[in-house]
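*Asks:* First the structure, which I've put down as structure tokens, then a few questions once you've had a look.
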Amino acid sequence: MKRVTLALTLALAPVLASVGAHAETLKTVKDRGMLACGVSQGLPGFSNPDDKGNWTGLDVDVCRAVAAAIFNDPTKVKYVPLSAKDRFTALQSGEVDVLSRNTTWTLSRDTSLGANFAGITYYDGQGFMVKKALKVNSALELNSASVCVQTGTTTEQNLADYFKANKMKYEVIAFAGADETVKAYESGRCDVFTTDVSGLYAERLKLANPADHVVLPEVISKEPLGPMVRHGDDQWFDIVKWTLFGLVTAEEMGVTQANVDEMAKSDKPDFKRAFGTDGNLGEQLGLTKDWFSRIVKAVGNYGEMYERNVGAGSKLQIARGLNQLWNKGGLQYAPPIR
Amino acid sequence: MSIEARLPPAQYGLRLKRMLGGKAGWNGIILQILFVAVLVWVGYEIVANARSNLAAQRITSGFGFLDNTAGFDVNQALISYSGSDSYSRVLMVGILNTLLVSVIGIVLATILGLLIALGRLSPNGLLSRVAGAYVELIRNLPLLFQITFWYLAVLAALPGPRQSISVFSTFFLNNRGFIVPRPVEEPGLMPFLIALGIAIVASIGLRYHARRELFLRGHVIRIWPYVLGLLIGLPLIVVLIFGAPVVFEVPVLKGFNFAGGSRIIPEFVALTLALTMYTASFIAEVVRGGILSVHKGQMEAGLSLGLSRGTVLRLIVVPQALRVILPPLTNQYLNLTKNSSLAVAIGYPDLVSVFAGTTMSQTGQAIEIIAITMGVYLVISLITSAIMSFYSWRLGKRLGA
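Protein chains in written order, with the numbering used here: chain A, 9 to 346; chain B, 516 to 916.
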């Protein structure tokens, strides 16, 4: 009996001692030598493993940029593939340091999950995809349709709102994984597949015959996607936030992966502040003086990241649209680095 | 003068000591109390620690979210449900969907399992080999794989709604499900139900009378013609007087899907099919083992009395075998219920899918939701075992064991 009690106390000691274990994320990451980054289970353009197991995508590049800022090595990332419904639990429990998984910023997620959104990497909206053979031209013609959707997403609620607002009936079939959802759509269980527009283009590539499917013109919601970090560690929140701002600022300043070393020698005051040749802004973040050039060297600026993963340089071919810089008609904007 | 036997002293202290400490005496009692105290302390620490950590990270906690509006729809609800209902309603919808697939699965798996077991024990070599092959094939394949297989197989075989397989233009089968006419209540429903109730009660009375006659006087009374007359005749007369109890609303193709009628969704069919077939293979082995545990002399004795094989099985072998069968059978029932949570893979809206899935990711309150979900499965399992224990106790009493 004594032995049992002792064993029980020992077994539970870690549970009891774990109070406040998440306070210093930067130190934890440095000690581990790896950034734990929550990504999707495979969404081309955002986070997708290739046949060799290397992850690529816009969300993946955010993690690579953060790793570069800390370690000066974008490969020091451990990718944790998460389903939509498991992602927040993984972040809350400390399994991942950053959740960079095409997650929509909403008020309730920002306030009730114990996490913060560090910025917006992609301005998206929800859309519908149908088979061309159905000859549907508008989402308003979808009355009484069956809709396949991935569970645990804002998509489910937007869908309910949209059909209710337009007084249309529908049947929803919700699956846990993106692959199951697409498979059910392909097998004819549903007339419609709905998710963020970028996701529709990405998933369409996985279908047997992408040309047989069409994305309808309606965008029914605002879906600002961005990385999340846990509450309670403002330094870490700042690091992820300013990594994103750094990427956008680099595009604004015309700094690219190719010319970063040359630009670092510039005499312009804002260049000197960003590159750390003047002042210690990087150290104020808890990083090194050359954090900015480390990031750009690893992944390029935001524009390069976009074109490579989802834009003209990728299979998705999505136009910049809202994701253009603020001074070129888009919404991407970064506060000054000073 | 009568002499009263002197009662031994009550010895409450000793009894308490035995109850708590067993053979270890007072030391044992102290240890027990300490152990309980440690357990309570550990439990308290876990709850308090979780609460303070959640509060420190400003994660919402508590059960207030149950009253919030869910805002998403579910494609199969046994109670009326819409997106503007609360999360507690979602919980009920999920529980009922889990219960539906579990209860139907249990009934079908028991019947199928019994048939396979009898097939495997049959002297017919072909039948017993087929049954044996079924058991070995089905129980050795992972259940998740079987569920996905049936789902995709069912879907692949069925046409779209516009090319539905139709039976008399009233029943339709397509990849949106099996669409049947929906009964709509008419004024004649109440008298019809009353007549049916009277017929059932009268039939039970008849059976009771027939058994008394058989046991007390040895008269065999054929009651089935009367029972049939009661069950069909009485409601029929009522229908002729009061009119039809229900009318059927025939489904019609409208837009993408059928409007009107009721629909059995393919997710439900695939899940029930897979759970039934999988669990039946285990039940078959349980039943076979139970029947083999009854000494073969019982069967021989029955046959030598001139009873048929079926009658011997029904009256002599199975009741004795049931005592061995019931405990492992209960395990299979519990397994089936718990396995139904694999529904999430094929989009059947069970408890895990709508509550521990969608609701959890919308509210982010993992601890509360997982606790509720575990509680629900625990209660369902405990009720199942209680029912089976009661049945087993009654069986034991009837067999005089």
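Note that the Cβ used here is the ideal one computed from N, Cα and C, for glycine as well.
1. Restricting to Cα atoms, I'd like to know which of 310/A, 343/A, 260/A is closest to residue 67/A.
2. Taking residue 343/A as part of the beta strand (DSSP E), name the residues at either end of that continuous run.
3. Rounded to whole angstroms, what's the CA-CA distance from residue 774/B to residue 699/B? Just pull it up for me.
4. State yes or no: is the beta carbon of residue 30/A nearer than 9 Å to at least one beta carbon in chain B?
5. Between 821/B, 788/B, 717/B, which has its C-alpha nearest residue 618/B's C-alpha?
6. Among 770/B, 571/B, 791/B, which one has its Cα closest to the Cα of residue 654/B?
7. Chain B beta carbons: is any one of them nearer than 9 Å to that of residue 159/A?
8. Hey, could you find the ends of the alpha helix (DSSP H) residue 573/B is sitting in?
9. Would you please verify whether the beta carbon of residue 108/A is less than 9 Å from any beta carbon of chain B?
10. Whose CA, out of 59/A, 215/A, 145/A, lies closest to the CA of residue 195/A?
11. Would you identify the three-state DSSP class for residue 220/A, choosing helix, strand or coil?
12. Go ahead and pull the three-state DSSP assignment for residue 773/B.
13. Less than 9 Å separating the beta-carbons of residue 235/A and residue 54/A?
14. Which residue spans inside the region 59-98 of chain A form an unbroken alpha helix (DSSP H) run of at least 4?
15. Tell me the rounded alpha-carbon separation between residue 42/A and residue 247/A.
16. Mind checking which residues open and close the beta strand (DSSP E) that includes residue 736/B?
17. Can you pull out the residues from the region 172-187 of chain A whose beta carbon lies closer than 9 Å to at least one beta carbon of chain B?
18. Span of the alpha helix (DSSP H) holding residue 132/A?
19. Using DSSP with H/G/I as helix, E/B as strand and the rest coil, what is residue 707/B?
20. What residues of chain B sit near residue 121/A, judged by a beta carbon separation below 7 Å?
21. Residue 176/A bridges to which residues according to DSSP?
22. Given that a residue counts as buried once 16 or more other Cβ atoms are within 10 Å of its Cβ, and exposed if not, what is residue 204/A?
23. May I have the straight-line CA-CA distance separating residue 156/A from residue 677/B, to the nearest angstrom?
24. Nearest to residue 62/A by CA position, among 76/A, 85/A, 44/A, 75/A, is which residue?
25. Could you tell me if residue 724/B is buried or exposed, where buried requires 16 or more neighbouring beta carbons within 10 angstroms of its beta carbon?
26. At a Cβ threshold of 9 Å, is residue 747/B touching chain A?
27. For residue 100/A, does the count of other Cβ atoms within 10 angstroms reach 16, so buried, or fall short, so exposed?
28. Under a Cβ-count criterion, where at least 16 other Cβ atoms within 10 Å of its own Cβ denotes burial, should residue 810/B be classed as buried or exposed?
29. Among the candidates 181/A, 122/A, 106/A, whose CA atom is the shortest distance from the CA of residue 864/B?
30. So, is residue 250/A buried or exposed, given that buried needs 16 or more other C-beta atoms within 10 angstroms?
31. Could you check which residue in 780/B, 756/B, 841/B, 709/B has the C-alpha nearest to that of residue 801/B?
32. Looking only at DSSP bridge pairs, what is residue 700/B linked to?
33. Using 9 Å as the limit for Cβ to Cβ distance, is residue 199/A near chain B?
34. Is it true that the region 218-228 of chain A meets the region 114-124 of chain A, where meeting means three or more beta-carbon pairs spaced less than 8 Å apart?
35. Please list, in chain order, the chain B residues whose beta carbon lies closer than 8 Å to that of residue 96/A.
36. Three or more beta-carbon pairs under 8 Å between the region 734-747 of chain B and the region 706-720 of chain B, yes or no?
*Replies:* Inspection of the coordinates gives the following:
1. Considering only alpha carbons, the answer is 310/A.
2. No beta strand (DSSP E) holds residue 343/A; DSSP gives it neither H nor E.
3. 15 Å
4. For residue 30/A, the pLDDT reaches just 46, beneath the cut-off of 50, and the residue's location in the model is therefore unreliable, although a value from the coordinates is still provided. Output row for residue 30/A: interface = yes.
5. 788/B
6. 791/B
7. yes
8. Looking at the DSSP string, residue 573/B is not in any alpha helix (DSSP H), and its letter there is neither H nor E.
9. no
10. 215/A
11. helix
12. If DSSP states are grouped into helix, strand and coil, residue 773/B belongs with the strands.
13. Going by C-beta atoms, residue 235/A is not nearer than 9 Å to residue 54/A.
14. 66-79
15. Spanning the two alpha carbons is a distance of roughly 15 Å.
16. It is not in any beta strand (DSSP E) - residue 736/B carries neither H nor E in the DSSP assignment.
17. 172, 177, 178, 179, 180, 181, 182, 183, 184, 185
18. It is not in any alpha helix (DSSP H) - residue 132/A instead sits in the beta strand (DSSP E) that spans 130-132.
19. helix
20. Counting only Cβ-Cβ distances below 7 Å, residue 121/A has contacts in chain B at 574, 879, in chain order.
21. The partner list for residue 176/A (beta bridge, DSSP) is empty, contrary to what the question assumes.
22. buried
23. 19 Å
24. Taking each of 76/A, 85/A, 44/A, 75/A in turn and checking the Cα distance to residue 62/A, the smallest one comes out for 85/A.
25. Residue environment for residue 724/B: exposed (fewer than 16 other C-beta atoms within 10 angstroms of its C-beta).
26. no
27. buried
28. Residue 810/B counts as exposed, since fewer than 16 other beta carbons sit within 10 angstroms of its beta carbon.
29. 181/A
30. Note on residue 250/A: 16 or more other CB atoms within 10 angstroms of its CB, so buried under the neighbour-count rule.
31. 841/B
32. 761/B
33. Chain B, which has a Cβ nearer than 9 Å to the Cβ of residue 199/A, makes this yes.
34. no
35. 876, 879, 881
36. yes
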